[in-house]
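K.L.:
Handing you a structure now.
Protein chains: 2
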Amino acid sequence: MKKGRLIVISGPSGVGKGTVVKALRERDPNVKLSVSATTREIRPGEIDGVHYYFITHEKFEQMIAEDRFLEHAQYVGNRYGTPAAPVNRMLEEGYDVILEIEVQGGLQVLERRPDAISVFIAAPSFEVLGARLRGRGDTDEEKVLMRLQQARMEYLVAKRYQYIVVNDRLEDAVADLQAILRAEALKTEHQEHLLKEDD
Amino acid sequence: MKKGRLIVISGPSGVGKGTVVKALRERDPNVKLSVSATTREIRPGEIDGVHYYFITHEKFEQMIAEDRFLEHAQYVGNRYGTPAAPVNRMLEEGYDVILEIEVQGGLQVLERRPDAISVFIAAPSFEVLGARLRGRGDTDEEKVLMRLQQARMEYLVAKRYQYIVVNDRLEDAVADLQAILRAEALKTEHQEHLLKEDD
Numbered sequence: 001m002k003k004g005r006l007i008v009i010s011g012p013s014g015v016g017k018g019t020v021v022k023a024l025r026e027r028d029p030n031v032k033l034s035v036s037a038t039t040r041e042i043r044p045g046e047i048d049g050v051h052y053y054f055i056t057h058e059k060f061e062q063m064i065a066e067d068r069f070l071e072h073a074q075y076v077g078n079r080y081g082t083p084a085a086p087v088n089r090m091l092e093e094g095y096d097v098i099l100e101i102e103v104q105g106g107l108q109v110l111e112r113r114p115d116a117i118s119v120f121i122a123a124p125s126f127e128v129l130g131a132r133l134r135g136r137g138d139t140d141e142e143k144v145l146m147r148l149q150q151a152r153m154e155y156l157v158a159k160r161y162q163y164i165v166v167n168d169r170l171e172d173a174v175a176d177l178q179a180i181l182r183a184e185a186l187k188t189e190h191q192e193h194l195l196k197e198d199d
Numbered sequence: 001m002k003k004g005r006l007i008v009i010s011g012p013s014g015v016g017k018g019t020v021v022k023a024l025r026e027r028d029p030n031v032k033l034s035v036s037a038t039t040r041e042i043r044p045g046e047i048d049g050v051h052y053y054f055i056t057h058e059k060f061e062q063m064i065a066e067d068r069f070l071e072h073a074q075y076v077g078n079r080y081g082t083p084a085a086p087v088n089r090m091l092e093e094g095y096d097v098i099l100e101i102e103v104q105g106g107l108q109v110l111e112r113r114p115d116a117i118s119v120f121i122a123a124p125s126f127e128v129l130g131a132r133l134r135g136r137g138d139t140d141e142e143k144v145l146m147r148l149q150q151a152r153m154e155y156l157v158a159k160r161y162q163y164i165v166v167n168d169r170l171e172d173a174v175a176d177l178q179a180i181l182r183a184e185a186l187k188t189e190h191q192e193h194l195l196k197e198d199d
């Protein structure tokens with residue numbers, strides 16, 4: 001069976017990564033989403049193994065020591081990481097697997113897996129990003145400014161991603177992602193078997 | 001205005017390059033087709049400047065001497081070449097320009113214009129290619145076998161193209177080309193301006 005592709009998707013808080021990825025998955029049943037592990041407390045409504053694998057600090061440290069993460073990072077006192085085993089299993093089963101992660105973790109994955117497809121989702125502008133963050137209604141102005149500052153840092157490393165998709169209209173952003181996945185499969189390195197006559 | 005992209009499309013005789021390109025152009029008005037120059041005789045129904053620029057051997061030699069071709073090649077005693085000027089004009093006007101040419105010329109273009117997008121159109125199999133060549137009705141078996149031999153040579157250099165599209169169902173091949181053009185525009189090198197806040 002043909003192995004799936006690893007897809008790293010990053011972008012600033014408020015850009016709508018989750019919505020874009022959800023819409024892509026609805027359209028392409030061959031795309032699966034990786035589940036992260038975290039040491040933070042489970043919140044009401046969250047399901048272990050669906051939203052996150054909720055694990056202890058000790059377990060997290062042990063998994064780092066055993067090199068069982070594709071990437072891991074610290075965020076507001078808690079740890080987050082992508083366990084490699086479930087991702088590798090889905091890839092072996094032929095699924096494309098999306099890691100929807102922060103740039104800090106994204107770059108770690110790109111170092112380890114240079115064959116991964118990497119997409120940075122950008123906002124149409126910082127004004128729009130600010131408006132979207134404010135529109136959520138659950139963040140105060142100071143937090144909005146902190147997230148915009150964070151976005152500026154993320155944009156500085158975004159050029160290490162292969163593709164940049166602007167999430168202006170959701171439909172366009174999803175079609176962009178679909179075009180990227182389709183075109184990547186057509187790259188000669190993945191198609192050379194077609195040039196052999198004995199196939 | 002945003003400059004257009006140069007697109008080199010090659011593939012064996014009988015694979016249906018022309019049909020795929022025609023269908024792509026019908027769907028994407030931003031795509032133009034380059035017109036080649038040739039020294040061969042004009043045939044009934046052909047229009048100078050539309051099917052080819054029909055020029056003399058002397059003129060052809062002069063254009064080579066003045067480095068006015070993107071590529072040129074000899075085929076069955078006649079010369080064929082892509083004049084650079086009209087292509088550059090269309091690119092400046094923002095059109096994507098397709099060169100539908102033999103691999104011999106295609107590789108010359110890729111050397112001169114490493115930024116070109118290159119797509120090799122392959123047949124689903126040699127059996128299918130043979131059947132298509134025979135189905136044209138205008139070629140005898142010896143010519144079919146010569147074209148298949150020619151195709152084998154072309155497949156050997158096809159790996160120097162960036163993408164390989166199989167022309168099995170026309171609709172799929174056209175959608176493949178559209179995905180390639182869309183994804184290429186999303187590459188970070190073409191999108192970096194989006195990462196600057198002052199835009």
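Chains as they are written, first to last, in the numbering used here: chain C, 1 to 199; chain D, 1 to 199.
We put the CB at the ideal spot given by N, CA and C, even for glycine.
(1) Measure how close the beta-carbons of Leu170(C) and Ala37(C) come, nearest whole angstrom, since I'm counting them as under 8 Å.
(2) Listed in chain order, which residues of the stretch 162-186 of chain C have Cβ atoms closer than 8 Å to some Cβ of chain A?
(3) Start and end of the alpha helix (DSSP H) containing Leu145(C)?
(4) Could you tell me how far apart the beta carbons of Ala173(D) and Asn167(D) are, in whole angstroms, since I believe they sit closer than 8 Å?
(5) So which residues on chain D does Glu197(C) lean against when the C-beta distance must stay under 9 Å?
(6) What number of angstroms, rounded off, separates the C-alpha of Arg152(D) from the C-alpha of Leu6(D)?
(7) Output yes or no for whether 8 Å exceeds the beta carbon distance between Lys159(D) and Glu58(C).
(8) Where are the alpha helix (DSSP H) runs, 4 residues long or more, that stay fully inside the stretch 76-135 of chain D, in chain order?
(9) Going by DSSP, what residues sit across from His72(C) in a beta bridge?
(10) With three or more beta-carbon pairs closer than 8 Å as the criterion, would you say the stretch 125-145 of chain C touches the stretch 179-190 of chain C?
(11) Let me see if you follow: with CB-CB separation under 8 Å, is Lys159(C) close to chain D or not?
(12) Quick check on Leu194(C) - is its C-beta less than 8 Å from some C-beta in chain D?
(13) What number of angstroms, rounded off, separates the C-alpha of Ile117(D) from the C-alpha of Phe60(C)?
(14) Taking the alpha-carbon positions, what's the Val35(C) to Gly18(C) distance?
(15) Note down, in chain order, every chain C residue with its Cβ under 9 Å from the Cβ of Ala122(D).
(16) Could you tell me whether the stretch 93-106 of chain C touches the stretch 61-75 of chain C, where touching means 3 or more Cβ pairs closer than 8 Å?
(17) Would Arg56(D) pass as an interface residue toward chain C - the criterion being a Cβ-Cβ separation below 8 Å?
(18) Distance cutoff 8 Å, beta carbons only. Does Thr188(C) sit that close to anything in chain D?
P.N.:
The answer reads as follows:
(1) About 29 Å separates the Cβ atoms of Leu170(C) and Ala37(C), ruling out a contact at the 8 Å cut-off.
(2) Looking at the structure shown, chain A is missing, and the protein chains on hand are C and D.
(3) Where Leu145(C) is concerned, the enclosing alpha helix (DSSP H) starts and stops at Glu141 to Val157.
(4) In this structure Ala173(D) touches Asn167(D) by the C-beta definition: roughly 4 Å separates them, less than 8 Å.
(5) Chain-order list of chain D residues neighbouring Glu197(C): Ser125, Phe126, Arg152 and Tyr155, by C-beta distance under 9 Å.
(6) C-alpha separation (whole angstroms): 26 Å.
(7) Cβ distance not < 8 Å, so Lys159(D) and Glu58(C) don't count as in contact.
(8) Whole alpha helix (DSSP H) segments, 4+ residues: 84-92, 103-112 and 126-135.
(9) Gly81(C), per the DSSP bridge assignment.
(10) At 8 Å Cβ cutoff, the stretches do not touch.
(11) Nearest CB-CB separation between Lys159(C) and chain D: below the 8 Å threshold.
(12) Using a Cβ-Cβ cut-off of 8 Å, Leu194(C) counts as an interface residue toward chain D, since at least one Cβ of chain D sits closer than that to its own.
(13) Taking the straight line from one Cα to the other gives about 45 Å.
(14) Approximately 13 Å between the Cα atoms of the pair.
(15) What Ala122(D) touches in chain C: Gln191, Leu194 and Leu195.
(16) They touch, by the three-pair rule.
(17) The sequence given here places Thr at residue 56(D); Arg does not occur at that position. Not an interface residue.
(18) Thr188(C) counts as touching chain D.
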